[in-house]
Structure formats: C-alpha cells, structure tokens
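In UniProt numbering, the protein residues as written are 5 to 160. All C-beta atoms in this analysis are idealised placements derived from N, C-alpha and C, irrespective of residue type, glycine included.
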Amino acid sequence: SRRIKNVSISVPILYGNHAVKLAPEKRTEKTPPDHTHEWTVFLKPVQDIDLSQLIKKVTFKLHETYDTPVRAVDKPPYEVTETGWGEFEIVIKIHFHSGSELGINEKNFQIFHGLKLHPFNPKSPPRENGEVHSVLYDELVFQDPTEKVFEILTQK
Ligand code: SLL
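Quick look at the structure:
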C-alpha cells in the first residue's frame, strides 16, 4: 500500500483508570481479604471509531503481585478490571498489526499510567458514588500513512 506523503493523521485517545471501594456484597470467596478496591484500566479512542483494524492487541502490564501480570486484550473494549489494595504503575502498550498491507512502521506505542485508587486532586474531589477517575488524553499519530491506513482512519 502506497504512502501518502506529508500527511499526518492523529487519533485522539483517552486512557486511565476508574476505581471504587470494594463493597462487601461484591466480594466472593476468591477475593483476597486484603483487597480494598475494584478498578478498571482502559484505553479508548475519543470518537467512536473502530481501531481493531489497526490494533492487534493492547497489553496492560500490572504489578508483579498479580497472577499473569501481562494482560492482553485483542478486541475492544481495551480494558482490564481487577481488585487490589495498592497503587502502582501500569504499562499500556498498543501492538499494531504489522505487514506490508498496512505499512505501519510506528513503534508499538507505550504509555505509563499511575493507577489511582485514592482521591489525588484536591480540586476534583471523588464523585458522589465515591468513584475515583484518573483519565488522560493523548494522540496516536500516523505520519505519511499508507492509503490503507488513511482509508481506515477516514471512513465513516
Ligand atoms: C505499594 N508499590 O506498595 C506498591 C505496590 C501492589 C498492589 C502495590 C494486589 C495484588 C494481588 C495489589 O493491589 N498489589 O493480591 O494480586 O503500594
């Protein structure tokens, strides 16, 4: 697929986590007693577009206290829900489909997200339901996209 020179397409994304205190009724026999929160870490396009034609999988690397800390998600929604007691850094990595068809030579795109369980911004207190949100904005930039990538990202 030929490249379209001097064109760059950026895809706005949001990534981060939501967390709530683990309600007693949500615990199961399998929930470790020291786990205090339930959280979801995610990555998604701001607009409702299907990135699965470009993305092979998104991996979320959790703290090594978790079983199989590297979690791979191969279709949307790109998210992992877990319970736990502590905050740590999560490595979110986007693995693009390779191959001459897409011509993507963008390096696998990597983001570090500090998981937040506790209110962290005095200017934005936790929501009424006690949920803590830590969500950030970024952009995936496709420089000189191939015609195929251009088509995928500009289709309705
Ligand atoms: C801290 N540096 O000490 C961090 C580590 C680890 C969090 C936090 C549960 C793991 C599990 C969990 O919340 N680990 O039981 O699977 O605060």
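| Check | Outcome |
| --- | --- |
| Contact belief for Tyr70 with Leu47 at Cβ below 8 angstroms, rounded distance in angstroms | That pair is no contact at about 18 angstroms. |
| Thr69, DSSP secondary structure in three states | coil |
| Residue span of the alpha helix (DSSP H) that contains Ile115, given as start and end | Taken as a continuous stretch (DSSP letters only), Ile115 belongs to no alpha helix (DSSP H), being part of the beta strand (DSSP E) at 113 to 118. |
| For ligand 1, residues whose Cβ lies under 6 angstroms from any non-hydrogen atom | Pro36, His67, Thr69, Tyr70, Gly88, Trp89, Gly90, Glu91, Phe92 |
| Rounded separation between Thr150 and Thr40 - CA only | 47 angstroms |
| Contacting residues, own chain, Cβ-Cβ under 8 angstroms from Val24 (five flanking each side not counted) | His41, Glu42, Trp43, Asn133, Gly134, Glu135, Val136 |
| Close beta carbons around Asp78, own chain, < 6 angstroms, minus the five adjacent residues each side | Lys61 |
| Pairwise C-alpha distance: Gln147 and Asp52 | 21 angstroms |
| Three-state class that DSSP yields for Lys152 in the structure shown | helix |
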